[in-house]
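Protein chains: 2
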Amino acid sequence: MNPAGKENRRTIRVVIAEDQGMVLGALAALLEIEGDISVVTQCRDGSEALKAILTAKPDVLITDIEMPNMTGLDLAAELKRRRTGTRVIILTTFARAGYLRRALEAGASGYLLKDMRAEELAEAVRRVHQGLRVIHPELATEAWAEPDPLTDRERQVLRLAGEGRASADIALELSLSEGTVRNYLSEAISKLGANNRVEAARIARTRGWL
Amino acid sequence: MNPAGKENRRTIRVVIAEDQGMVLGALAALLEIEGDISVVTQCRDGSEALKAILTAKPDVLITDIEMPNMTGLDLAAELKRRRTGTRVIILTTFARAGYLRRALEAGASGYLLKDMRAEELAEAVRRVHQGLRVIHPELATEAWAEPDPLTDRERQVLRLAGEGRASADIALELSLSEGTVRNYLSEAISKLGANNRVEAARIARTRGWL
DNA sequence: AAACTTAGATGACATTTGTCACTGTGCCGT
DNA sequence: ACGGCACAGTGACAAATGTCATCTAAGTTT
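Chains L and A, in that order, are what the protein sequence lines are. All residue numbers for the first sequence refer to the working numbering, where the first residue is 178 and numbers rise by one. All residue numbers for the second sequence refer to the working numbering, where the first residue is 178 and numbers rise by one.
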């Protein structure tokens with residue numbers, strides 16, 4: 178499993194966090210092929226990953242975003258706060274500007290999409306380990322700047338509305354009056370150029386604002 | 178890469194179809210570790226996979242469902258029709274009864290979820306190659322029998338409504354009167370025990386009926 | 001031929017949703 | 001001290017949505 182020898186000289190120690198077991202194991206297998214990379218822990222949720230990182234002190238964390246307990250973005254933010262030296266690569270399905278922005282704010286060193294070629298992952302790990310930053314080319318282009326126009330309340334309300342909850346229901350849940358909920362929704366709809374709450378929620382979701 | 182020797186004696190030839198390059202390559206790496214399995218082609222969409230299978234004649238196809246050009250389910254159906262001997266394993270994120278049912282109707286030999294443990298994939302390949310059937314345990318339990326209660330029209334209308342289209346808009350698209358559209362939606366909502374079109378669409382989607 | 005089913009339509013009605021204008025409060029930056 | 005902004009609310013109105021009973025014109029069954 179380590180063809181070119183040099184067992185321990187400069188192997189990059191990696192932790193992977195990914196909730197789909199199949200993908201998790203497969204990524205580990207992919208990286209283990211490389212002689213200079215060693216996967217020290219595989220984690221299936223965010224808080225598990227946090228624990229693993231604090232004890233194993235890996236060089237690089239590769240993490241999905243949407244996971245149980247703690248998202249990859251929360252994880253990155255937490256590692257930044259704690260000043261563990263671990264560098265973070267976000268590896269996700271979603272090409273959403275909001276996610277990318279939040280990832281960079283959380284101090285992540287990489288943001289890659291799962292539809293990249295598999296061979297590029299190991300190279301990205303090496304780059305990041307050297308202190309470089311790797312961003313998926315299509316996302317790096319800028320134009321992806323467009324900041325989230327929604328306020329916190331608008332976002333909350335829109336999220337629930339997108340699940341099919343009625344205004345009165347949402348009002349109850351957030352302890353607001355129904356009129357206020359309708360006002361926030363109306364605002365969100367107009368900000369996003371949608372025709373109704375459902376379309377608004379869809380737009381916000383694809384932009385990574387939800 | 179083939180520790181236990183016995184290079185060619187009984188290696189199972191596999192084609193993988195999966196649109197996320199990273200996952201595709203990783204799964205291939207995972208299987209290549211096994212001495213008795215060989216990944217002969219990696220495909221990133223359905224029609225590409227069909228071509229590859231017709232020329233390479235593999236023992237087993239591992240395929241995602243949602244892919245460009247041709248879904249994994251269509252692919253399975255096509256292989257059944259053409260009587261290639263290739264056995265099919267569906268490997269997907271979605272635990273939807275509708276998908277499972279359609280997979281079995283299309284003659285698939287396996288239906289696995291990506292959140293299984295990675296180690297189980299190779300074993301599933303061997304089982305399927307021996308003529309056995311492997312279904313993800315939670316889906317095999319029955320109870321997942323519950324058949325789709327929606328009529329074709331209800332399904333069509335609900336799909337559009339779930340995207341945020343208005344009744345009048347849907348009516349136009351399907352050449353129906355607006356009242357009829359509302360009737361279908363009302364029926365669907367009541368059949369699914371939902372409170373409105375959005376919730377109904379969500380329910381139908383998670384059950385694999387959309 | 002009579003009975004039944006299905007897709008589609010109407011009209012009436014109550015409820016929900018979306019819009020607007022307007023009133024406050026508190027916080028932040030200058 | 002002032003303007004701007006997020007937050008919260010009210011009231012009123014128009015439009016969209018959801019429900020129901022009822023109707024017709026095919027098709028199928030029996």
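For every residue, glycine included, the Cβ atom is placed at its ideal position computed from N, Cα and C.
| said: Is the separation between the beta-carbon of residue 339 (chain L) and that of residue 376 (chain A) shorter than 8 Å? | reply: At a Cβ-Cβ threshold of 8 Å, residue 339 (chain L) and residue 376 (chain A) do not count as neighbours.
| said: Are the CB atoms of residue 287 (chain A) and residue 266 (chain A) within a distance shorter than 8 Å? | reply: Judged by their CB atoms, residue 266 (chain A) and residue 287 (chain A) are nearer to each other than the 8 Å cut-off.
| So, helix, strand or coil for residue 383 (chain A), using DSSP? | Helix at residue 383 (chain A).
| At a cut of 8 Å, does the segment 295-311 of chain L reach the segment 255-263 of chain L through at least three beta carbon pairs? | No, because fewer than three Cβ pairs between the segment 295-311 of chain L and the segment 255-263 of chain L fall closer than 8 Å, the two stretches do not touch.
| query | Among A:189, A:336, A:192, A:346, which one has its Cα closest to the Cα of residue 381 (chain A)? | reply | Answer by Cα proximity: A:336.
| task | Would you kindly work out how many angstroms separate the C-alpha atoms of residue 374 (chain L) and residue 370 (chain A), rounded to a whole number? | result | Between the alpha carbons of residue 374 (chain L) and residue 370 (chain A) lies a distance of about 21 Å.
| Candidates A:349, A:195, A:347, A:315: closest to residue 269 (chain A) by CA position | For the options A:349, A:195, A:347, A:315, the alpha carbon positioned closest to that of residue 269 (chain A) is the one of A:195.
| What is the DSSP secondary structure of residue 333 (chain A), reduced to helix, strand or coil? | It is helical.
| query | Grouping DSSP H, G and I as helix and E and B as strand, with all else coil, what is residue 316 (chain A)? | reply | Residue 316 (chain A): helix per DSSP, three-state reduction.
| query | Start and end of the beta strand (DSSP E) containing residue 353 (chain A)? | reply | Where residue 353 (chain A) is concerned, there is no enclosing beta strand (DSSP E), given that its DSSP letter is neither H nor E.
| request: Whole angstroms is fine: what's the gap from residue 356 (chain A)'s alpha carbon to residue 243 (chain L)'s? | output: A straight-line Cα-Cα distance of about 40 Å links residue 356 (chain A) and residue 243 (chain L).
| field | Integer-rounded CB distance, given that residue 206 (chain L) should sit under 8 Å from residue 210 (chain A) | value | The pair is a contact, with the Cβ atoms about 6 Å apart (cut-off 8 Å).
| field | Residue interval of the alpha helix (DSSP H) (run including residue 287 (chain L)) | value | Residue 287 (chain L) -> not in any alpha helix (DSSP H); beta strand (DSSP E) instead, spanning 287-290.
| said: Using 8 Å for Cβ pairs, my map puts residue 237 (chain L) next to residue 312 (chain L). What's the rounded Cβ distance? | reply: Taking C-beta atoms under 8 Å as the contact rule, residue 237 (chain L) and residue 312 (chain L) fail to qualify, at a distance of about 16 Å.
| message | Contact criterion: CB-CB distance below 8 Å. Does residue 375 (chain L) meet it with respect to chain A? | response | For residue 375 (chain L), at least one C-beta of chain A is nearer than 8 Å to its own C-beta.
| In chain order, what residues of the segment 255-271 of chain L put their CB closer than 9 Å to some CB of chain A? | For the segment 255-271 of chain L, which is checked against every Cβ of chain A, the residues closer than 9 Å are 268, 270.
| 8 Å Cβ cut-off: residues of chain A touching residue 296 (chain L) | Counting only Cβ-Cβ distances below 8 Å, residue 296 (chain L) has contacts in chain A at 202, in chain order.
| query | DSSP state of residue 194 (chain A), grouped into three classes? | reply | Residue 194 (chain A): strand per DSSP, three-state reduction.
| message | Can you list, in chain order, the residues of its chain with a C-beta nearer than 7 Å to that of residue 310 (chain A)? Leave out the 5 residues immediately preceding and following it. | response | Within the same chain, residue 310 (chain A) has close Cβ partners 286, 287.
| query | residue 254 (chain A) and residue 240 (chain A): beta carbons closer than 8 Å? | reply | No, the Cβ-Cβ distance between residue 254 (chain A) and residue 240 (chain A) is not below 8 Å.
| field | CB of residue 220 (chain A) within 8 Å of CB of residue 192 (chain A), strictly | value | Yes. Within cutoff.
| task | Please list, in chain order, all residues of the same chain as residue 364 (chain L) whose beta carbon is under 7 Å from its beta carbon, the five residues on each side excluded. | result | Within the same chain, residue 364 (chain L) has close Cβ partners 331.
| message | Less than 8 Å between CB atoms is the rule here; does residue 333 (chain L) satisfy it with respect to chain A? | response | Chain A contact via Cβ: absent.
| query | Is there at least one Cβ from chain A nearer than 8 Å to residue 196 (chain L)'s Cβ? | reply | Interface residue, yes.
| request: Flag this pair as yes or no: are the beta carbons of residue 223 (chain L) and residue 252 (chain L) separated by less than 8 Å? | output: Contact flag set, yes.
| At which residue ranges does the segment 240-317 of chain L contain complete alpha helix (DSSP H) runs of 4 or more residues, listed in the order of the chain? | DSSP assignment within the segment 240-317 of chain L yields the following whole alpha helix (DSSP H) runs of 4 residues or more, N-terminal first: 249-259, 274-282, 296-306, 314-317.
| message | Pull the bridge partners of residue 238 (chain A) from the DSSP assignment, please. | response | Answer by DSSP bridge pairing, in chain order: A:192, A:265.
| said: Just to confirm my understanding: we take residue 305 (chain A), look at its own chain, exclude 5 residues before and 5 after, and list those with CB closer than 7 Å. What are they? | reply: Within the same chain, residue 305 (chain A) has close Cβ partners 237, 264, 266, 286, 287, 311.
| query | From residue 349 (chain A) to residue 257 (chain A), what does the alpha carbon distance come to, in whole angstroms? | reply | Each residue's alpha carbon lies about 38 Å from the other.
| query | Which residues, in order along the segment 280-293 of chain A, keep a beta-carbon less than 9 Å from a beta-carbon of chain L? | reply | Of all residues in the segment 280-293 of chain A, 289, 290, 291, 292, 293 have a Cβ within less than 9 Å of some Cβ in chain L.
| said: Tell me the DSSP secondary structure of residue 347 (chain L) in three-state form. | reply: In the structure shown, residue 347 (chain L) falls within a helical segment according to DSSP collapsed to helix, strand and coil.
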